[in-house]
Amino acid sequence: MTTHSPSRTLLATTLALSLSGCALMQNTKVEPRPPGRTPVLWMDPAPVATRDLFWGPGSSERAPRPPFAFLEEDTGGTQPKVIVRDAAGREWTAKFGEEVHSGIAANRLVWALGYAADELYFVTDGVIAGVTALERGREFIGAGGVFTNASFRLRDARAPRADERWTFEHNPFVRSKELSGLAVLMTMLANWDIQGTRNNRILEDGARDLYIVSDLGATFGRMGTFPMPRSKWDIEDFGKEGVIDGVGEGVVDLDYDGYGGIGNVPLEHARWFAALAAQLTDHQLREGFRAAGASQAEIHAFAARMRARIDELVGATGAAGTY
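Each residue of the sequence shown is one higher than the one before, starting from 17 at the first, in this note's numbering.
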């Protein structure tokens, strides 16, 4: 994982101030991890307004370098993926399909606000040499290994994925403002698929365990409930989603209709996160969507909608003037 500044505070909260009765924070069971490791969910991103949302947790120097060589197809999850090696000898998981744009854009926002994140890049087109028989990937990788519109995730040997997973209910950060902030952010992104062990991973970065939401593709659409279908990367649907259902008695009810245990968070936690998110500039928001390969129309539409959602959160929590 890229280290951006040794002076930034690493926050590894196990127990913090809480308000009882918050639906998100009830279960304190923690998946077992080896002793002596430091769990990390959030790293102070200050100053937020200087974060580069185009490159996110990566950089131009670390971006995938063609040519790409096929290693194997990854049949895990629901989206088509292959594992490749680039010209620098690094291994990548190349993902195709409907979650490419949304996954990268969400990744940039998660990282910008201090949460640990995968190193992801949008690759407009390329060629993968040596492709053999594919199952799901054959629809997206053509003759001669030609492809378009892929998300490349670095398979970093310095920060491998642990076998253990985590959920919003089972983790070392229960009752912390940082976990509450992540819940608010997932609602703001309309991420309807945060259900536990499938999408939440742990990266072993030296002596640290980085807790991440590793699959952010089910975002920027409609969370919805039956009979309305859920969607991804749909600005019309995304524009109809809310963030806050109500505020009362020191608790914020989130307008979350997806899979997972998000219900409400303490008002003081939501206010803290609102003040953090409000520091993002319009330019940064546009850069995050540009990084995801969005069209000019999509860049401006999604960025404007994210700004409106940030403003909704700030207004509902009374965070104006606190940042």
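Heads up, the beta-carbon is just placed ideally off N, CA and C, and yes, glycines get one too.
Small disclaimer: the values here were computed from a predicted structure and weren't measured.
So the candidates are the options; which of them puts its Cα closest to the Cα of residue i?
i	options	result
alanine 128	Ala65, Gly158 and Phe86	Ala65
arginine 78	Glu314, Leu292 and Arg171	Arg171
threonine 109	Ser75, Phe70, Ala132 and Gly153	Gly153
alanine 103	Ile120, Val143, Gly130 and Val116	Val143
glycine 197	Phe70, Met59 and Thr297	Met59
serine 75	Phe138, Ala85 and Ala313	Phe138
threonine 94	Asp141, Asp250, Val116 and Phe86	Val116
arginine 177	Glu151, Leu195 and Asp225	Asp225
arginine 101	Glu114, Ala145, Leu283 and Trp249	Ala145
histidine 186	Leu201, Ile210, Asn165 and Gly105	Ile210
leucine 13	His285, Asn165 and Ala313	The structure shown does not extend to residue 13, since the chain spans only 17 to 339, so no value can be given for it.
glycine 130	Thr164, Asp179 and Leu195	Leu195
asparagine 165	Ser118, Glu151 and Ala234	Ser118
Start and end of the alpha helix (DSSP H) containing residue i?
i	result
glycine 119	116-128
glutamate 107	Element bounds for glutamate 107: not the alpha helix (DSSP H) but the beta strand (DSSP E), 107-111.
leucine 195	193-204
Round the Cβ separation of residue i and residue j to the nearest angstrom and send it over; I've been treating them as touching at under 8 angstroms.
i	j	result
glutamate 155	proline 96	7 angstroms
valine 259	arginine 325	5 angstroms
arginine 67	proline 73	Contact doesn't hold; Cβ gap of about 10 angstroms is too wide.
leucine 270	alanine 199	7 angstroms
arginine 323	leucine 301	6 angstroms
valine 126	valine 229	7 angstroms
isoleucine 251	threonine 203	Actually they do not touch by this definition, with Cβ atoms about 18 angstroms apart.
phenylalanine 86	valine 147	5 angstroms
May I have the straight-line CA-CA distance separating residue i from residue j, to the nearest angstrom?
i	j	result
glycine 274	arginine 214	15 angstroms
glutamate 89	alanine 122	25 angstroms
threonine 91	lysine 256	34 angstroms
glutamate 107	isoleucine 99	7 angstroms
histidine 299	alanine 149	43 angstroms
tryptophan 208	methionine 239	5 angstroms
phenylalanine 168	glutamate 265	44 angstroms
alanine 307	isoleucine 157	22 angstroms
alanine 335	glycine 304	24 angstroms
alanine 175	aspartate 221	4 angstroms
lysine 254	leucine 219	Here residue 254 is phenylalanine; the residue named in the question, lysine, does not match the sequence. Between phenylalanine 254 and leucine 219, the C-alpha separation is close to 30 angstroms.
leucine 205	phenylalanine 236	6 angstroms
alanine 332	alanine 291	12 angstroms
aspartate 231	tryptophan 182	13 angstroms
tyrosine 227	leucine 57	5 angstroms
cysteine 38	alanine 310	A caution first: cysteine 38 carries a pLDDT of 42, below 50, which makes its placement in the model unreliable, though a value can still be read off. If you take the alpha carbons of cysteine 38 and alanine 310, they lie about 37 angstroms apart.
arginine 356	proline 55	There is no way to answer for residue 356, as the model of the chain reaches only from 17 to 339.
alanine 159	alanine 132	37 angstroms
serine 21	proline 63	Its pLDDT being 42, under 50, serine 21 is placed unreliably by the model, and the measurement read from it follows with that caveat. So the two alpha carbons sit approximately 12 angstroms from each other.
arginine 246	isoleucine 120	19 angstroms
glutamate 328	phenylalanine 318	15 angstroms
valine 162	lysine 193	45 angstroms
valine 263	proline 83	53 angstroms
proline 188	alanine 223	16 angstroms
arginine 81	glycine 52	36 angstroms
aspartate 141	phenylalanine 112	11 angstroms
alanine 173	glutamate 114	28 angstroms
glycine 280	tyrosine 272	Inspection of the sequence shows that residue 280 is occupied by asparagine rather than by glycine. When rounded, the distance between both Cα atoms is 9 angstroms.
lysine 248	histidine 316	17 angstroms
leucine 283	arginine 49	31 angstroms
phenylalanine 289	threonine 297	15 angstroms
valine 330	alanine 293	9 angstroms
glutamate 151	glutamine 295	44 angstroms
glutamate 314	arginine 124	16 angstroms
Just to confirm the assignment, what range does the beta strand (DSSP E) spanning residue i have?
i	result
glutamate 89	84-90
threonine 66	Per DSSP, threonine 66 belongs to no beta strand (DSSP E) and is neither H nor E.
leucine 136	136-145
glycine 169	As written in the sequence, residue 169 is arginine, which differs from the glycine given in the question. Looking at the DSSP string, the run of the beta strand (DSSP E) that includes arginine 169 is 162-170.
arginine 101	97-101
valine 56	54-56
>> Please give me, in chain order, every unbroken run of the beta strand (DSSP E) with length at least 3 that falls completely inside the segment 291-320.
In response: none
> Which runs of the alpha helix (DSSP H) fall wholly inside the segment 218-288 and span at least 4 residues, in chain order?
Replying inline: 251-255
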